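Worksheet: the structure to be examined is printed underneath.
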Amino acid sequence: MASPISSFRNLGPAYEDSRAKIGINSAEELRKHGADETYRRLLQAGTKPHFIGYYVLVMALQGRP
258 MASPISSFRN LGPAYEDSRA KIGINSAEEL RKHGADETYR RLLQAGTKPH
308 FIGYYVLVMA LQGRP
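For the sequence shown, position 61 (counting from the first letter as 1) is numbered 318 according to the working numbering, and the numbering increases by one without interruption.
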């Protein structure tokens, strides 16, 4: 069974919604793609670049607050 993206610390339902738009629907998929690929996909999908969004993603994947 797939874990929700919100199982990562500081990644909530809004983050899950934005990832679903780029085809990443579980914590396992997010971990597989990693921060760089996920962020690249978000930018291609029209998300405005912002350092904090990338930083939060990296920290969540590392299990850090």
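Even glycine gets a Cβ: it sits at the ideal position worked out from N, Cα and C.
Everything numeric in this text was worked out from a predicted model, so none of it was measured.
Distance CB(residue i)-CB(residue j) smaller than 8 angstroms
i: Ser264; j: Ala277; result: no
i: Arg266; j: Pro322; result: yes
i: Ala317; j: Leu268; result: yes
i: Leu299; j: Ser275; result: yes
i: Ile262; j: Tyr272; result: yes
Backbone secondary structure at residue i - three-state DSSP
i: Ala259; result: coil
i: Ile309; result: helix
Inter-residue Cα distance where the pair is residue i and residue j
i: Gly291; j: Arg297; result: 10 angstroms
i: Glu286; j: Lys305; result: 22 angstroms
i: Tyr311; j: Glu294; result: 11 angstroms
i: Ile309; j: Gly320; result: 16 angstroms
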